[in-house]
Structure formats: structure tokens, C-alpha cells
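Enquirer: First the structure, which I've put down as C-alpha cells, then a few questions once you've had a look.
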Amino acid sequence: MLADTRPGVRAPLLINLGPNHPSTHGVLRLIVELDGEVVKEVTPVIGYLHTGIEKQCENKTWWQGVTLVTRMDYLAPFANIKTYTMSVEKLLGIEVPGRAQWIRVLLAELNRIASHLVWLGTSGLELGAMSVFFYCYRERDELLDLFEMVSGERMNHRYFQVGGCAQDLPPGFIERLQAFIDEMPRRIDEYEALLTGNPIWKDRMKGVGVLPADDLIALGVTGPTLRAAGVPHDLRKTNPYSGYEHFQFEVPTATEGDCYARYLVRVREMRESLRIIQQVIDGLPEGPTIADDRKVVLPPREELAWSMEALIHHFKLVSEGFKVPAGEAYAPIESPRGEMGCYVVSDGGPKPHRVHMRDPSFVNLQATAPLCRGNYLADLIAIVATLDPVMGGVDR
Amino acid sequence: MSDVSAQIEMASPGAVVGEHELLGELTVEVQKERIVEACRALRDGPSQYVLLSDITCADFPDEPGRFRLAYELTSLATGARVRLRTWAGALDPEIESVTSVWPGANWMEREVYDMFGVRFNGHPDLCRILNPLDWDGHPLRRDYPIGGEEVQFSDAV
Chain A
718 MLADTRPGVR APLLINLGPN HPSTHGVLRL IVELDGEVVK EVTPVIGYLH TGIEKQCENK
778 TWWQGVTLVT RMDYLAPFAN IKTYTMSVEK LLGIEVPGRA QWIRVLLAEL NRIASHLVWL
838 GTSGLELGAM SVFFYCYRER DELLDLFEMV SGERMNHRYF QVGGCAQDLP PGFIERLQAF
898 IDEMPRRIDE YEALLTGNPI WKDRMKGVGV LPADDLIALG VTGPTLRAAG VPHDLRKTNP
958 YSGYEHFQFE VPTATEGDCY ARYLVRVREM RESLRIIQQV IDGLPEGPTI ADDRKVVLPP
1018 REELAWSMEA LIHHFKLVSE GFKVPAGEAY APIESPRGEM GCYVVSDGGP KPHRVHMRDP
1078 SFVNLQATAP LCRGNYLADL IAIVATLDPV MGGVDR
Chain B
620 MSDVSAQIEM ASPGAVVGEH ELLGELTVEV QKERIVEACR ALRDGPSQYV LLSDITCADF
680 PDEPGRFRLA YELTSLATGA RVRLRTWAGA LDPEIESVTS VWPGANWMER EVYDMFGVRF
740 NGHPDLCRIL NPLDWDGHPL RRDYPIGGEE VQFSDAV
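Okay, structure coming up:
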């Protein structure tokens, strides 16, 4: 990228955004080539958060890996853990009880709302709508409290286990959740009142960062970004998992494919998630929350006091882990950012031979350059914001 | 033979080495030299596997081919999925890049190159992506030790 020094040729200006610029959504570095105000080329540089989780998984047992993968996409920990446990369950051929599946759906949808709230808040902040940030984080905090009730952790909960969920929902959870669900539609109306008709918000977003659907598909882009361009691809509908086929919900789409359409799609997705959560609350089946396979699942805590066999199983699982039949599996799910999948290879031992996470942010981020070319530098901020990359997932 | 294999065979006779369906996942093993033709045939074929979900690799040091690449393809029309598999070779692992079929393969192939050292011929910009550009070795190879690497930036203290 050497500057052209011929007379009469305006040399492009190279500027560096990040790796810690507030507008770059985490530790993302963008090298931007400018012609005046117009972006000629963008080169994303990633890897600043690379912690080698995939390599570490190979040196831990299968059930220790659950803890590790949760930390990849830190805004969608339930999505990470869900795709991982689903892949391992596939290899094991283990049946997950109905109640556990419904709780998984419940938490995955709550997670989708929490993730979209962070996205909306930070995007608002980047585009000058500062109050939205405070409102979004207020509601997200309530969600984190709910997560804490369920799992004991606000983030990085190790709540889903291979075979089900770590424990049942605690007393008082459903009541508090219901209060949140009842309140949330009004809160979303509030964000929309601030943003949807706001002329500055529209000016910054409408017609900005458009790519035809075919180009997005060729780049591997999935999730709200693809749906905003008119492709109703949602794995919850096309390849239902965890019992999503039992729930009534729409897949919001738009046709414009610009930043504003991506905004509208995500806001409507929050409303659809609320619908699903209400259905889970109304129809949550009774029963166990984890499979009854003592070779894979930890025995109930109280049994350890009187059952020698339970103690042996517990000891074996904690010290050695469970063995997974040789083979490979890939179980994709619809994370808040698109298709998230975990490709696992087992050699029949207690440790994975390979764990690879197909993270939607990693693939979607490739679209930065084609989306930004020809737009103004200020639009780049809006485009990166609406792509919603989470660097923990990108770099893993 | 499945429809998928038949489609590949029609476009590129002899490309399919084998196929199996396990746990509801269809895996078609193809010849390394034919990977681009196989991908293009599936993308443009009647099932329209237009979305390349993932490219990844697993290292099997005892196998003659050693690096097993897996391409996850998705059909947006039907939601069907297929995995193409091929071996890159133990010594000097290399394969043709599929960036000509899907530009989105760019970063996926860079990641496999970075982590496993598999070279993708015809790739527009094959360089490391997650590790620093001057990193030694390919960390996800099975013979790359964990915990053995030097602590970064310790000379700057």
C-alpha cells in the first residue's frame, strides 16, 4: 500500500483505527485507506484476543471444555455452550430431557435479548444516541441478575451441561422473569421512540452499508445482517433444534440491507424472543433437567452422602472425565449473530481430538471491507456497529 | 450413492472417494485435487449449497494424509447440510483454495494455514490471521506443545 507520488495524483491517506478505539467494538484494528472522506479500502486486523481456547480444549477433558468454550463469544455465552454440548451429545447419542431443552431455549432467547441490548446500547453510543446506552444497560443488568439466579454467574455461566442443565430453575425465578417479560415490550417501545423515527439516526443509517444478498451469502454472512438483506435464513426455523419447532415465532426480515434495516431486524428479534420466552413459561414441562446417564452426568449431590456407587461415578467423572465415541459432529445453532457451530472430533478418549468453533462474528467481519468501500469514514462506524462483531468470538 | 456424491461425480468424474452418513450428517470424501470442482458443482447444482459455513482441519499425525480438512456446506433453499472431507498430505500440506468459489473462504483458510500450516494455493492473501505475523510454528498441530511457548514481550520489561 505504498502512496502514489505521481504529480496530479492525490495520495491516499492511511489511518489506523484501534486496536482499542471505542468505535471499533472491542479490540479490533482497522487500517483504513481514505481518499478525502471516502473509504477506499478497509483491512481488519484481528487476533488481539486470541487465547488458544481450541488448543486448550484438546488438553482438557470433554466436560472441562464446557467451561472454556463459554468464554469465546462473551456476549452470547449460552450460545457457545449450547452448540458445544449439542455436538458432544450428538456423538454420545445421549437424550436430553424435555424440561432441560425448554430451559435451554428460554436462556438462549434471554441471551439473545441481552446481546442485542448491548449491541443497541453501544451502537447508539457510537452514533451519538447516548441515553439509549443507559436504558439498554439497565435492562441488560436485570437479565444478568436473572442469569445469576439460575447459574450463580452473571457471565460465563457453566450452566448447560452435556446431557442437560446443571440444576433446575431456582424458586422465584419464573415470577421475576414474568415481571421482566411484562415490562420489556414497553422498554423496547421506549428505545424505538428514541431511535426509529429519529432523523439523525435515520440519516446515519439509511442507505448506508448495503450489499446484495448474494454477495453476503458468498461471504458466508449469516444472522440479522443476512436477514436484513431479505434472506429469511434462521436455523431455528430451517433446522429446528432443542424443540424450537414447538414455538410460534416469526423470523423478522427486511429488504433494504442497510444499517437501518439491520437495526429494525434486531429490535423485532427482541420482541420475537419475548414471545418465545412467554411460551416457555406457559408450557414448561415437568421432569428432570439432566439426562440420567451416570457415565456422563454427575450424580445428584445428595446421593453422594449415602451411595458408594454415586461417589465412584462422581470421582471417575471429575478425575478422568467421560469417554466419547470416536467420530465427528457439527451442531449449528442460531446465535444472536448468526450461525454458530461447534465441530468436534473424538478419538474415543476422555479428551477431544479437535474442537473448532465456527463463530459468526469471525465470518461476518469479512464483510467489513465490501460494505464500507465507497462510503464515508463516519459511515464505517455505523457499518461496523451494525455488523455486531464480538472480538472474544472472533479471536477465540 | 447419495445425490450429493452423484452431483459431484457428474461434474468431475472420479472425484468422490467415499461417503458415509453418521449421526444424521452426510460426509463425502473427495480427492484433494478436485476440491474446487466439487465445491463449485455443489454450489451451482440443484440442491444449491450456496453457503460455505466453515472450513476447518484436524491433525492426525499417524495417518498418511495427516491434515484432514472439513468443508461444511449449507443449502439455504432446503436447510440441508453436507461435509466435504479431504486430506491435505503429511509433508508439505497444500490444497487448492476455494476462494474463487466463495470469497468468504478467505479468512477460514487463513485460519487453517495459521493453525495447521496447510497452504492454500491461489489464495489472494495467505498469511497468519490470529497469531502474530512472526509467530513460529502452527499451534493446533498435535505435536505443538502446550505451555512450551515463550512468554511474549518479556524483553520489554
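Protein chains in written order, with this note's numbering: chain A, 718 to 1113; chain B, 620 to 776.
A virtual CB, placed ideally from N, CA and C, is assigned to each residue, including glycine.
#1: Please decide whether proline 680 of chain B counts as near chain A, where near means a Cβ-Cβ distance under 7 Å.
#2: Rounding to the nearest angstrom, what Cα-Cα distance links leucine 952 of chain A and glutamate 730 of chain B in this structure?
#3: Can you say whether proline 1002 of chain A is buried or exposed, counting buried as having 16 or more other CB atoms within 10 angstroms of its CB?
#4: Are arginine 904 of chain A and glutamate 856 of chain A touching if we call contact CB-CB under 7 Å?
#5: What residue range is occupied by the uninterrupted alpha helix (DSSP H) comprising arginine 904 of chain A?
#6: So what's tryptophan 754 of chain B in DSSP terms, helix, strand or just coil?
#7: Please state the DSSP three-state secondary structure of alanine 1046 of chain A.
#8: Report all residues from its chain with a CB closer than 7 Å to the CB of valine 649 of chain B; omit the five preceding and five following residues, and keep chain order.
#9: Rounded to a whole number of angstroms, what is the C-alpha to C-alpha distance between valine 759 of chain A and lysine 651 of chain B?
#10: In whole angstroms, what is the alpha-carbon distance linking glycine 1066 of chain A and leucine 863 of chain A?
#11: Return no unless some Cβ of chain B is closer than 7 Å to the Cβ of asparagine 956 of chain A.
#12: Can you list the beta strand (DSSP E) stretches of 3 or more residues lying completely in the segment 1063 to 1089 of chain A, in chain order?
#13: Reducing DSSP to helix, strand and coil, say where serine 832 of chain A ends up.
#14: Report the residues of the segment 1047 to 1076 of chain A with a CB closer than 8 Å to any CB of chain B, ordered along the chain.
#15: What's the C-alpha gap between alanine 831 of chain A and aspartate 1064 of chain A?
#16: Assign glycine 1110 of chain A to buried or exposed, taking buried as 16 or more other Cβ atoms, counted over all protein chains shown, within 10 Å of its Cβ.
#17: By alpha-carbon positions, which one of A:Val762, A:Ala728, A:Val805 ends up nearest to histidine 1073 of chain A?
#18: Please name the residue in A:Ile763, A:Asp790, A:Phe795, A:Ala1008 whose C-alpha comes closest to that of leucine 747 of chain A.
#19: Using the three-state DSSP reduction, which class does histidine 639 of chain B fall into: helix, strand or coil?
#20: Going by CA-CA distance only, name the one from A:Gly1091, A:Asn733, A:Asn737 that's closest to valine 925 of chain A.
#21: Got a sec: which bits of the segment 1023 to 1046 of chain A sit with their beta carbon under 8 Å from any beta carbon on chain B, in order along the chain?
#22: Show which residues of chain B have a CB atom less than 7 Å away from the CB atom of glutamate 1126 of chain A.
#23: For methionine 718 of chain A and chain B, any beta-carbon pair shorter than 7 Å?
#24: Less than 7 Å separating the beta-carbons of proline 941 of chain A and arginine 983 of chain A?
#25: How about proline 1077 of chain A and glutamate 1056 of chain A: are their beta carbons less than 7 Å apart?
#26: Taking the C-alpha atoms as reference points, what is the distance between methionine 987 of chain A and tyrosine 908 of chain A?
#27: Can you list, in chain order, the residues of its chain whose CB lies under 7 Å from that of proline 729 of chain A, leaving out five sequence neighbours each side?
#28: Apart from the five residues just before and just after asparagine 915 of chain A, which ones in its own chain have a Cβ nearer than 8 Å to its Cβ?
#29: Answer yes if the segment 866 to 881 of chain A comes into contact with the segment 791 to 811 of chain A, meaning at least three C-beta pairs across the two stretches below 8 Å, and no otherwise.
#30: Between which two residues does the beta strand (DSSP E) harbouring isoleucine 674 of chain B extend?
#31: Have a look at A:Trp836, A:Asp932, A:Glu771 and flag the residue whose alpha-carbon is nearest the alpha-carbon of leucine 981 of chain A.
#32: Please tell me whether serine 990 of chain A and valine 822 of chain A are closer than 7 Å, where the distance is taken between their beta carbons.
#33: Can you tell me whether serine 716 of chain B is helix, strand or coil according to DSSP?
#34: Could you tell me which whole alpha helix (DSSP H) segments of length 4 or greater appear in the segment 924 to 970 of chain A?
#35: For tyrosine 732 of chain B, tell me which candidate among B:Ala630, B:Ala707, B:Ser621 has the shortest Cα-Cα distance.
#36: Roughly how many angstroms lie between the CA atoms of arginine 1071 of chain A and leucine 692 of chain B, to the nearest whole one?
Expert: According to the structure shown:
#1: no
#2: Each residue's CA atom was taken as its position, placing leucine 952 of chain A and glutamate 730 of chain B some 25 Å apart.
#3: exposed
#4: yes
#5: That run of the alpha helix (DSSP H) goes 890 to 912.
#6: coil
#7: strand
#8: Ile627, Ala634, Val635, Val636, Ala657, Leu703, Thr705
#9: 33 Å
#10: C-alpha separation (whole angstroms): 36 Å.
#11: yes
#12: 1071 to 1075
#13: It is helical.
#14: Tyr1047, Pro1049, Glu1056, Gly1058, Tyr1060, Val1062, His1070, Arg1071, His1073, Arg1075
#15: 37 Å
#16: buried
#17: A:Val805
#18: A:Ile763
#19: Three-state result, histidine 639 of chain B: strand.
#20: A:Gly1091
#21: Gly1044, Glu1045, Ala1046
#22: The question about residue 1126 of chain A has no answer here: the residues shown for chain A are numbered 718 through 1113.
#23: Reliability fails at methionine 718 of chain A, whose pLDDT of 49 lies under 50, so the model's placement of it is uncertain and the value that follows must be treated cautiously. Cβ-Cβ to chain B under 7 Å: no for methionine 718 of chain A.
#24: Closer than 7 Å, so yes.
#25: yes
#26: 12 Å
#27: Within the same chain, and ignoring the five residues on either side of proline 729 of chain A in sequence, the residues whose Cβ sits closer than 7 Å to its Cβ are Ala720, Glu750, Leu751, Asp752, Lys757.
#28: So the qualifying residues of the chain are Ala846.
#29: Between the segment 791 to 811 of chain A and the segment 866 to 881 of chain A there are three or more inter-stretch CB-CB distances shorter than 8 Å, so the stretches are counted as touching.
#30: Per DSSP, isoleucine 674 of chain B belongs to the beta strand (DSSP E) from 670 to 678.
#31: A:Trp836
#32: no
#33: coil
#34: Look at the segment 924 to 970 of chain A and you find these whole runs of alpha helix (DSSP H), each 4 residues long or longer: 930 to 935, 941 to 944, 952 to 955.
#35: The option with the nearest alpha carbon to tyrosine 732 of chain B is B:Ala707.
#36: 19 Å
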